[in-house]
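Numbering follows the working numbering, in which position 50 of the sequence shown is assigned residue number 344; successive positions increment by one, without gaps. Input: a single structure, listed below in structure tokens.
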Amino acid sequence: MKSNILFIIALFLTLQAVGQNDNVTIIYTGNREVEKAYRLTTHPKIIDTVLSIPATEYPLLSLHYTAPITLDTVQPALIKIDPKLQQLYHFYAKAGIGNNIMPLGEFYYNGARSRKFNYGVHLKHLSSTGKISGYAPAQFDRNSGKLFGAINEKNYTLTGDVEYQNNGFNYYGIPDETISRDSIAQRFSDIEGNFRFASHKKDSANLNYAVGLTYSNFLSKKPLIDSLSKWRAQENYVALKGEASYRLGKEIFEADLDVKYNDYRYGEADSALTLLDSGIVLNNTIISLKPSITTFAKNNRFKAKIGVDVTLDIASENQLSLFPLAEVKYSLFNDLFIPFAGARGGVHQNRFKTLSRTNEFVLPNINMQNENTSIDLYFGIKGTLSKRIGFNVNASFANVKNKALFVTDTLFSMGNQFGIIFDTMNITTLEGSISFQLNEKLKVDGIGRYYSYQLRNNTYAWNLPQFQILARGSYNLFDKFLVNLDLNFEGGRKALVYAEEENTTEENNQFAKTLGFIADVNLGLEYRYNKRISAFLQCNNFAAQRYNRWYNTPVQGFQVMGGVTFRF
Numbered sequence: 295m296k297s298n299i300l301f302i303i304a305l306f307l308t309l310q311a312v313g314q315n316d317n318v319t320i321i322y323t324g325n326r327e328v329e330k331a332y333r334l335t336t337h338p339k340i341i342d343t344v345l346s347i348p349a350t351e352y353p354l355l356s357l358h359y360t361a362p363i364t365l366d367t368v369q370p371a372l373i374k375i376d377p378k379l380q381q382l383y384h385f386y387a388k389a390g391i392g393n394n395i396m397p398l399g400e401f402y403y404n405g406a407r408s409r410k411f412n413y414g415v416h417l418k419h420l421s422s423t424g425k426i427s428g429y430a431p432a433q434f435d436r437n438s439g440k441l442f443g444a445i446n447e448k449n450y451t452l453t454g455d456v457e458y459q460n461n462g463f464n465y466y467g468i469p470d471e472t473i474s475r476d477s478i479a480q481r482f483s484d485i486e487g488n489f490r491f492a493s494h495k496k497d498s499a500n501l502n503y504a505v506g507l508t509y510s511n512f513l514s515k516k517p518l519i520d521s522l523s524k525w526r527a528q529e530n531y532v533a534l535k536g537e538a539s540y541r542l543g544k545e546i547f548e549a550d551l552d553v554k555y556n557d558y559r560y561g562e563a564d565s566a567l568t569l570l571d572s573g574i575v576l577n578n579t580i581i582s583l584k585p586s587i588t589t590f591a592k593n594n595r596f597k598a599k600i601g602v603d604v605t606l607d608i609a610s611e612n613q614l615s616l617f618p619l620a621e622v623k624y625s626l627f628n629d630l631f632i633p634f635a636g637a638r639g640g641v642h643q644n645r646f647k648t649l650s651r652t653n654e655f656v657l658p659n660i661n662m663q664n665e666n667t668s669i670d671l672y673f674g675i676k677g678t679l680s681k682r683i684g685f686n687v688n689a690s691f692a693n694v695k696n697k698a699l700f701v702t703d704t705l706f707s708m709g710n711q712f713g714i715i716f717d718t719m720n721i722t723t724l725e726g727s728i729s730f731q732l733n734e735k736l737k738v739d740g741i742g743r744y745y746s747y748q749l750r751n752n753t754y755a756w757n758l759p760q761f762q763i764l765a766r767g768s769y770n771l772f773d774k775f776l777v778n779l780d781l782n783f784e785g786g787r788k789a790l791v792y793a794e795e796e797n798t799t800e801e802n803n804q805f806a807k808t809l810g811f812i813a814d815v816n817l818g819l820e821y822r823y824n825k826r827i828s829a830f831l832q833c834n835n836f837a838a839q840r841y842n843r844w845y846n847t848p849v850q851g852f853q854v855m856g857g858v859t860f861r862f
């Protein structure tokens, strides 16, 4: 402490001396403590004077959402394992009888269970001696026999069948009960054979193909006079159909070839039975080639097909036509909804056999023409509303040339037969259908259609309906009682007549008669006594409505038939 005070005094005196410009020397002896030296343990480093700016981060808000997850329940597959397969019976027979003395007989024979072979025979007879009050005799009979067989191999399938039909009926559309049955009787006989070979190789690198052959001989009743034996409908039809398909990646290349030849004869060429009834000889050939490409995308949810139909119509003159062949569809929500659209067209060969199957009262002296659909545009949507309900809604717009229309004939008959006129028309069709199935217990489906016709030469589309409602259902109760119900409703039909009468209108110098509404209800019941024997009851035209299927041709009223079936 003393040393510090002395040091301060000395310093003060020194400053005084400097201020006086005199040199003063002070000599002082004292003790000073020196701090101990120590060694730095850190290494030297450069301290940067530039301060780094820290990066500013803005983290996302931590929000947690709970996504609802709904799993569709899938019913487990039920596999019934029996100690042995259910027994198959070779024979099936059905016999019944109805009012108006209407016998029914049906017989089946099938081969036993086999992986390779399938064969059998089917015979059927149905006839009626019933009368329609106020009209000519209306008896009919239907007879048919069919042989069929198939060979199923690993890489191919060969199928074939031969069928013979012999159907008799009367042109009863005359309001006179005294007319002789023989004078209005007609009979059609038909023998047809179909054979088809199809390959089904599983390797996509191979070409799969199919070849089919059809032959048909169709004849009407032979005249009672032998010298007029050729004056009846005689038709020989041969068709060859080929198909080929090849898959390459996601594309399928296809080609169809159809060759149809129809030889139709009524009487002799360049001859006449009467002044108005001349012979007809028609040789009609249609050759059609349809190449197309089908592609898939979006895990096969999208499907598109594009192609062309090249058709050569060889009739009175050769005519080559091209028709579109296109369709697209897309599956939404796992086949819940499938919208589709397309365009098509083609030539349909009119034959006396097919026309008489539509209207058996048609005249044989017809100069038939092929129906030509130049374009048919369609679109719609189909799908499933649930695992039990399916639906289909669609619309189409078609232009059709040579559409066959049945009109009452008064020139070659007594008004109890129908001729055919051909016309060009635009046809608009709206259609909706729905189906419901509950296992094998209950099945119901219905179809509704609405038609709009625009004709070039005729006022109406004669005998064609404006709307149709078709429905059917079946119910299985304990596998003992089976109930079947069929409904058929049609309306808006008009017939061409040649004089003014009740319920007729005149337009464009044509008389149109409104035909009655069709309400056909059929109910069937079956009781299964055991697996081999059952009894059935069938009620047709349950509403007992004698509607006109064609102009002046009413159907029979209420019909009931009962019988039994056997399996052995």
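Glycine residues also receive a C-beta, built at the ideal position from the N, C-alpha and C atoms.
From which residue to which residue does the alpha helix (DSSP H) around residue 516 run?
Counting along the chain, residue 516 sits inside no alpha helix (DSSP H), nor does DSSP assign it H or E at all.
What did DSSP end up calling residue 862 once you bin it into helix, strand or coil?
Three-state result, residue 862: coil.
Taking C-beta to C-beta, are residue 768 and residue 778 nearer than 7 Å?
yes
Tell me the rounded alpha-carbon separation between residue 678 and residue 594.
18 Å
Hey, how far is the Cα of residue 759 from the Cα of residue 813?
13 Å
Roughly how far, in whole angstroms, is the beta-carbon of residue 509 from the beta-carbon of residue 486, given that I think they are within contact range, below 8 Å?
7 Å
So, are the CB atoms of residue 653 and residue 716 less than 7 Å apart?
no
Where does the unbroken beta strand (DSSP E) through residue 766 begin, and where does it stop?
Where residue 766 is concerned, the enclosing beta strand (DSSP E) stretches over 761–771.
Indicate the three-state DSSP secondary structure (helix, strand or coil) for residue 652 in the structure shown.
helix
Taking the alpha-carbon positions, what's the residue 446 to residue 440 distance?
20 Å
Considering only the alpha carbon of each residue, which of 424, 402, 412 lies closest to residue 418?
402
How would you write the range of the beta strand (DSSP E) that residue 400 sits in, first residue to last?
That run of the beta strand (DSSP E) goes 396–404.
Rounded to a whole number of angstroms, what is the C-alpha to C-alpha distance between residue 822 and residue 443?
Cα-Cα distance, rounded: 29 Å.
If I measure Cβ to Cβ from residue 660 and keep anything under 6 Å in the same chain, skipping five residues before and after, which residues do I get?
714
Three Cβ pairs or more, each shorter than 8 Å: is that satisfied between the region 560–570 and the region 681–697?
no
Please look up how many angstroms separate the CB atoms of residue 605 and residue 641, rounded, as I've assumed it's under 8 Å.
The pair is a contact, with the Cβ atoms about 5 Å apart (cut-off 8 Å).
Closer than 6 Å by C-beta to residue 597: which residues in its own chain qualify, once you throw out the five before and the five after it? Chain order, please.
Excluding sequence neighbours, residue 597 sits near 590, 623.
Can you tell me which of 631, 638, 611, 609 puts its alpha carbon nearest to the alpha carbon of residue 621?
Ranking 631, 638, 611, 609 by Cα distance to residue 621 puts 638 first.
What separation, rounded to the nearest whole angstrom, lies between the Cα atoms of residue 438 and residue 483?
Between residue 438 and residue 483, the alpha-carbon positions lie close to 10 Å from each other.
Is it buried or exposed, residue 853, if we count other Cβ atoms within 10 angstroms and call 16 or more buried?
The residue in question, residue 853, is buried, as its Cβ has 16 or more Cβ neighbours within 10 Å.
Check whether the region 576–588 and the region 538–555 touch, using three or more Cβ-Cβ pairs below 8 Å as the test.
yes
So for residue 427, helix, strand or coil by DSSP?
Residue 427 sits in coil when the DSSP states are folded into three classes, being neither helix nor strand.
Nearest CA to the CA of residue 740: which residue from 671, 762, 723?
762
Which residues in the same chain as residue 275 place their Cβ atom closer than 6 Å to its Cβ, once the five residues preceding and following it in sequence are excluded?
For the chain, the structure presents residues 295 to 862; residue 275 sits outside this window and is missing.
Within 7 Å of any Cβ in chain D, is that where the Cβ of residue 807 sits?
In the displayed structure, chain D is absent; only one protein chain is listed.
Between 394, 390, 405, which has its C-alpha nearest residue 383's C-alpha?
405
Taking 7 Å as the limit between beta carbons, can you name the residues of its chain near residue 756, skipping five residues before and five after?
Once the five neighbours on either side are set aside, the close Cβ partners of residue 756 are 699, 700, 701, 788, 789, 790.
Give the secondary structure of residue 496 by DSSP, where H, G and I count as helix, E and B as strand, and everything else as coil.
Coil.
Drop a sphere of 10 angstroms on the beta-carbon of residue 855, count the other beta-carbons inside from all chains shown, and report buried for 16 or more, exposed for fewer.
Around the beta carbon of residue 855, a 10 Å sphere encloses 16 or more other beta carbons of the protein chains shown; the residue is thus reported as buried.
Using the DSSP secondary-structure output, state which residues sit across from residue 585 in a beta bridge.
549
Using the C-alpha atoms, what's the distance from residue 738 back to residue 771?
15 Å
Out of 862, 857, 861, state which residue places its alpha-carbon closest to the alpha-carbon of residue 397.
857
From what residue to what residue does the beta strand (DSSP E) around residue 532 run?
It spans 527–542 - the beta strand (DSSP E) in which residue 532 sits, taken as one unbroken run.
Are residue 802 and residue 722 close, meaning C-beta to C-beta below 7 Å?
no
Check residue 827 in the structure and name its three-state DSSP category.
strand
Since residue 424 and residue 460 are thought to touch, with beta carbons under 8 Å apart, how far apart are those beta carbons, to the nearest angstrom?
Wrong, their Cβ atoms sit about 20 Å apart, outside the cutoff.
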